[in-house]
């Protein structure tokens, strides 16, 4: 049974203090570390990520994969993870404001402060909080609290195309102790374009994919390409985890981590169905990928984590924050505190249709069954734990991975050829550069029209990836794209070879190199 909210902060102090008692080896030390001091007006950090299907982070046990995503796992171990949290809408410009004002999307709700006059900004601003906001698809913060705020929302596409890392890190640099502050950041991650890596590096300089449209509708019919893009999403989630870790380290160093309320969520998920025209519009068949979103809330002073099975929704986040801080909601919201009886009794997932004219509803039991099946398939393809298994479960002829290409039988010379995209980066990897060229992609010339083939990529003489070529819809070119592990790329010059795999995986035919 959840702790009544009027006693929540007091209980957090008691739990935190108890956790430290006898913490030394054997429990013989009489000393105990003092519980974190909770200010009367704690600062609040709300991060709203974008296009984040939370099940991509789960391991076979249904928990956050702590090896691949250690900072999300650490947040779950410190705060409360609402593992069944869902959104109510599938598009950013309506799904993000609902996080901020706790109201269901409506047709009249323009994504600015005029369409959302009551929100988390007014709740905290009226209580004397300073507001630091960075919205990348909306403009809900009013000029009274966000100087220079405009009623026009920002254009999303230019912000997706450049500066995501820089804007995020600039915002994180502002979070620290001092005057009680509400920090709100809409983070355009792990939303595509997919180019970031868990180490903090990125595969290329430009936001443009090496093959235009490879993560768009022209590629949605190809299973292998879909697996490739799902793999890239998991790597980009790793980058988001990396950046989150940098924020937490900074907050712990400046003393603001323990005393702040930290909430992390996302606007909606993303589907990886094959043979569809759209992977973001919710349907009865993809609601299990579109609806679930991450939701972590660490209360001020909280040091011991818990996992809640409550079917919280993104419209419940602001009321939950108000509940934890013992604030009264000053306006009528559609959401309620995730600790309330109303939300705890909820046993369904419901999303509004894109046109706002109807809903799609799934029972809790059906949603849980479907999500478990998705996680099983994901783990079968991309492994769990050790990052190496992310690269070894997709593509044909997987037994070739790890073998030396020189030890395999060569096939006769053929007419095929390819130029590898970004070959110049592979020939001169600079350890100080942000670029780590781990995506091997390009077009194949000389093949028969409409024919796909098995391929393998060797890095410095070792097979690191296997795949199959594909044809994007409406494009005559035969294309390929495979990811190799970051660990396979060394500083300086790298030899990268693309082979056609023939004779049932027994022979290799070199078709291009860098």
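Residue numbers (our numbering): 651 to 1164.
Every residue gets a Cβ at the ideal spot worked out from N, C-alpha and C, and that includes glycine.
Any idea if residue i is buried or exposed, counting beta-carbon neighbours within 10 angstroms, 16 or more meaning buried?
i            : result
residue 1028 : buried
residue 1054 : exposed
residue 1170 : Within the shown structure, residues of the chain are numbered from 651 to 1164, placing residue 1170 beyond reach of any answer.
residue 899  : exposed
residue 998  : exposed
residue 1109 : buried
residue 814  : buried
residue 1019 : exposed
residue 1162 : buried
Please report the straight-line C-alpha distance between residue i and residue j, rounded to a whole angstrom.
i            : j            : result
residue 1119 : residue 1103 : 5 Å
residue 852  : residue 903  : 27 Å
residue 910  : residue 711  : 30 Å
residue 770  : residue 875  : 41 Å
residue 1063 : residue 1075 : 27 Å
residue 978  : residue 775  : 14 Å
residue 629  : residue 796  : No statement about residue 629 is possible, as the shown extent of the chain runs from 651 to 1164 and does not include it.
residue 967  : residue 1006 : 21 Å
residue 1166 : residue 1038 : Nothing about residue 1166 can be reported from this structure: the residues present for the chain run from 651 to 1164 only.
residue 794  : residue 772  : 9 Å
residue 845  : residue 804  : 22 Å
residue 671  : residue 694  : Its pLDDT being 28, under 50, residue 671 is placed unreliably by the model, and nothing is read from it.
residue 837  : residue 960  : 25 Å
residue 792  : residue 800  : 8 Å
residue 724  : residue 742  : 27 Å
residue 785  : residue 1155 : 50 Å
residue 1056 : residue 933  : 49 Å
residue 862  : residue 750  : 35 Å
residue 1014 : residue 951  : 32 Å
residue 679  : residue 1107 : A caution first: residue 679 carries a pLDDT of 36, below 50, which makes its placement in the model too unreliable to give a value.
residue 1070 : residue 689  : 56 Å
Between the Cα of residue i and the Cα atoms of the options, which residue gives the shortest distance?
i            : options                   : result
residue 894  : 860, 927 and 850          : 850
residue 1139 : 1030, 1131 and 1089       : 1089
residue 765  : 789, 785, 725 and 749     : 789
residue 1160 : 1148, 816 and 738         : 1148
residue 1083 : 1057, 1043, 867 and 1142  : 1142
residue 1157 : 1077, 1049, 1073 and 1100 : 1049
residue 810  : 824, 818, 785 and 857     : 857
residue 980  : 738, 945, 950 and 767     : 767
residue 777  : 897, 976 and 1145         : 976
residue 823  : 1100, 1127, 901 and 1152  : 901
residue 783  : 926, 818 and 1042         : 818
residue 1127 : 1100, 1091 and 1152       : 1100
residue 963  : 954, 990 and 713          : 990
residue 756  : 882, 1004, 922 and 807    : 1004
residue 687  : 922, 908 and 946          : 908
For residue i versus residue j, is the C-beta spacing smaller than 8 Å?
i            : j            : result
residue 1033 : residue 1040 : yes
residue 1001 : residue 1009 : yes
residue 692  : residue 830  : yes
residue 917  : residue 719  : no
residue 839  : residue 886  : yes
residue 1175 : residue 759  : In this structure the chain extends from 651 to 1164, so residue 1175 is not present and cannot be described.
residue 1045 : residue 1137 : no
residue 702  : residue 943  : yes
residue 973  : residue 752  : no
residue 1131 : residue 841  : no
residue 1125 : residue 704  : no
residue 1096 : residue 1066 : yes
In the stretch 706-766, which residue ranges form an unbroken beta strand (DSSP E) of at least 3 residues, counting only runs that do not cross its ends? You should have 730-732.
Residue ranges of each alpha helix (DSSP H) within the stretch 950-974, 4 or longer: 967-974
Continuous beta strand (DSSP E) assignments of at least 3 residues falling wholly in the stretch 1054-1115: 1067-1070, 1089-1095 and 1104-1109
At 3 residues or longer, what runs of the beta strand (DSSP E) sit wholly inside the stretch 814-866? You should have 831-840.
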